[in-house]
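If you count the sequence shown from 1, you need to add 25 to reach this note's numbering.
Beta carbons: idealized from backbone N, C-alpha and C, even for Gly.
Being a predicted model, the structure only gives us computed values, none of them experimental.
Shown next, in structure tokens, is the structure this report addresses.
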Amino acid sequence: MTLSVSTGQAVDLRVQPVDEVLDRVERSLQVRLQPDTVVHKRRSVGARTDRDTWVRVERRLLEKIPDQGWNGTECAARLEGIAQPQWHGCVVWRDVEEPVMWRADETELLPGAPVGTAVLSEAPELPDEWWEALSASLDALAAQDTRRVATPDTVTITQALVTESIHGVFSGDFDTTVERWVPAHADLNWANLTAPAFSLFDWEDWGNAPLGLDSASLWASSLAVPALADRVRHERRSDFESRDGKLMTLFACSKILGPYAHPEDPRLKPAQRMAEQVIKELQAG
């Protein structure tokens, strides 16, 4: 039960047929997926079930699965003090024809709708209580312990990656050594947050990362809306004021301004301005 694509080739599940995969998930988890609720993303598919739960199915290349595995949602179930959907169970299998693994996780339904897409173009209406819940969850996450290492964009984050990403885009004589590594969600953007009830979901890539990664990631996804980006920096100012937070701001900016930068991305100019400011602060010590 596979997709008809070349071996090891990256696919887009928004356009590739997945009916056989979903059939297998239904049999394994003993649920019925509701067809009118199916959501297709590039490397995952989700749907509501007949027992009022949600199932997320992901396809991942073996080479993109680190030594720690890819059971992030399952491992996140033990975290305390974080608003997230309760995890119920999963099914995992290796594709018989391709070097890929499939995984389906069943969780409780989200308490609200996703705030928006990964990058917002309009400011959402979020009450103060929502921002308080966001900070409480991020602070609770950073205070916990794990042996997992974060894999933002399915790439394991290391000191070498941080240094290469930053110095590959920005010139200047400043140290990129990270001082504190703490648990992070590692995919914090507006598509993985709910409102009006706050919840943080899609925990596939969480693990230890430089302090401030999550805050910088959310800020970067807000840059097209200046007031929203400013609110993120205000609410998470302890992260952004730290040296590691400044490095993560540059790390986030490097993804916007790097070799894959889109000339019409509205985040380009604000990211460039912030990067120049942060580099000056780092050089000043």
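Exercise. Give me the Cα-Cα distance between S29 and N217, rounded to the nearest whole angstrom.
Key: Looking up residue 29 in the sequence shown gives position 4. Looking up residue 217 in the sequence shown gives position 192. Any reading at S29 needs caution, since the residue's pLDDT is 38, under 50, leaving its predicted position unreliable; the model's value is listed next. In a straight line, the C-alpha of S29 is about 30 angstroms away from that of N217.
Quiz item: By Cβ distance below 8 angstroms, which residues in the same chain neighbour Q308 in space, the five residues on each side in sequence not counted?
Solution: Reading the sequence shown from its first residue, position 283 is the one you call residue 308. These residues qualify, in order along the chain: G197, D198, F199.
Practice problem: My understanding is that R261 touches S160, with C-beta atoms under 8 angstroms, so please give their C-beta distance in whole angstroms. | Solution: Here residue 261 is taken as the residue at index 236 of the sequence shown, counted from 1. Here residue 160 is taken as the residue at index 135 of the sequence shown, counted from 1. Contact flag correct, Cβ pair sits at about 7 angstroms.
Quiz prompt | Minimum C-alpha distance to T183 - residue among L145, T98, L238, S162 | solution = Taking the sequence shown and counting its residues from 1, one reaches residue 183 at position 158. Nearest of L145, T98, L238, S162 to T183, Cα basis: L238.
Quiz item: Just to confirm, are P149 and P110 a CB contact at a threshold of 9 angstroms?
Solution: Counting from 1 along the sequence shown, the entry for residue 149 is found at position 124. Counting from 1 along the sequence shown, the entry for residue 110 is found at position 85. Their beta carbons are not under 9 angstroms apart, which means P149 does not touch P110 by this criterion.
Quiz prompt | Beta-carbon gap between G232 and G97 smaller than 9 angstroms | solution = The residue given as residue 232 occupies position 207 in the sequence shown. The residue given as residue 97 occupies position 72 in the sequence shown. Against a cut-off of 9 angstroms, the Cβ pair of G97 and G232 comes out as a contact.
Practice problem: Tell me, please, which residues DSSP counts as bridged to S224. | Solution: Translated into positions along the sequence shown, residue 224 becomes position 199. Note: S224 sits in a beta bridge opposite T219.
Practice problem: With a floor of 3 residues, list each beta strand (DSSP E) that falls wholly inside the segment 277-305, ordered by position along the chain. | Solution: none
Practice problem: Spatial neighbours of E204 within its chain, please: CB distance less than 7 angstroms, with the 5 preceding and 5 following residues excluded, ordered by chain position. | Solution: Stepping through the sequence shown from its first residue, residue 204 is reached at position 179. Excluding positions up to five away in sequence, the list reads R268, D269.
Practice problem: Note down the Cα distance separating Y285 from E105, rounded to an integer number of angstroms. | Solution: As a first step, residue 285 is located in the sequence shown; it is residue number 260 there, counting from the start. As a first step, residue 105 is located in the sequence shown; it is residue number 80 there, counting from the start. Computed Cα separation, rounded: 37 angstroms.
Exercise. Could you round the C-beta distance between E145 and S242 to whole angstroms and report it? I think they count as a contact, below 8 angstroms.
Key: Start at 1 with the first residue of the sequence shown, and residue 145 comes out as number 120. Start at 1 with the first residue of the sequence shown, and residue 242 comes out as number 217. The amino acid occupying residue 145 in the given sequence is Leu; Glu does not appear at that position. In fact, because the Cβ distance is near 13 angstroms, the residues do not count as touching under 8 angstroms.
Practice problem: Alpha carbon to alpha carbon, how far is R81 from V43? Give it in angstroms, no decimals. | Solution: Position 18 of the sequence shown, counted from the first residue, corresponds to residue 43. Position 56 of the sequence shown, counted from the first residue, corresponds to residue 81. Answer to the nearest angstrom: the Cα atoms are 13 angstroms apart.
Practice problem: Assuming S240 contacts D264 (C-beta within less than 8 angstroms), just tell me the rounded distance between them. | Solution: Working through the sequence shown from its first residue, we reach residue 240 at position 215. Working through the sequence shown from its first residue, we reach residue 264 at position 239. With a Cβ gap of about 4 angstroms, S240 and D264 count as contacting.
Quiz item: Rounded to a whole number of angstroms, what is the C-alpha to C-alpha distance between V140 and I90?
Solution: Here the question's residue 140 lines up with position 115 in the sequence shown. Here the question's residue 90 lines up with position 65 in the sequence shown. Between V140 and I90, the C-alpha separation is close to 29 angstroms.
Practice problem: May I ask which residues mark the beginning and end of the alpha helix (DSSP H) holding L54? | Solution: As a position in the sequence shown, residue 54 is number 29, starting the count at 1. Note, L54: alpha helix (DSSP H), 44-54.
Exercise. Would you tell me roughly how many angstroms separate the C-alpha atoms of A209 and A234, rounded to the nearest one?
Key: Indexing the sequence shown from 1 puts residue 209 at position 184. Indexing the sequence shown from 1 puts residue 234 at position 209. For A209 and A234, the distance between alpha carbons rounds to 6 angstroms.
Quiz item: Which class does D252 belong to by DSSP, given the choice of helix, strand or coil?
Solution: Residue mapping note: residue 252 aligns to position 227 of the sequence shown, counting from 1. Contrary to the premise, residue 252 reads as Ala rather than Asp in this sequence. Reduced to three states, the DSSP call for A252 is helix.
Quiz item: Three-state secondary structure (DSSP) at L58?
Solution: Working through the sequence shown from its first residue, we reach residue 58 at position 33. Reduced to three states, the DSSP call for L58 is strand.
Practice problem: Using alpha carbons as the reference points, say which of R67, E157, A101, G94 lies closest to V257. | Solution: Within the sequence shown, residue 257 is the residue found at index 232, counting from 1. When each option's Cα is compared against that of V257, the closest is E157.
Self-check item: Continuous alpha helix (DSSP H) stretch holding T98: start and end
Solution: In the sequence shown, residue 98 corresponds to position 73, counting from 1. It spans 97-101 - the alpha helix (DSSP H) in which T98 sits, taken as one unbroken run.
Self-check item: Bridge partners - G71, DSSP secondary structure assignment
Solution: For this step, residue 71 is matched to residue 46 along the sequence shown. The partner list for G71 (beta bridge, DSSP) reads V64, R81.
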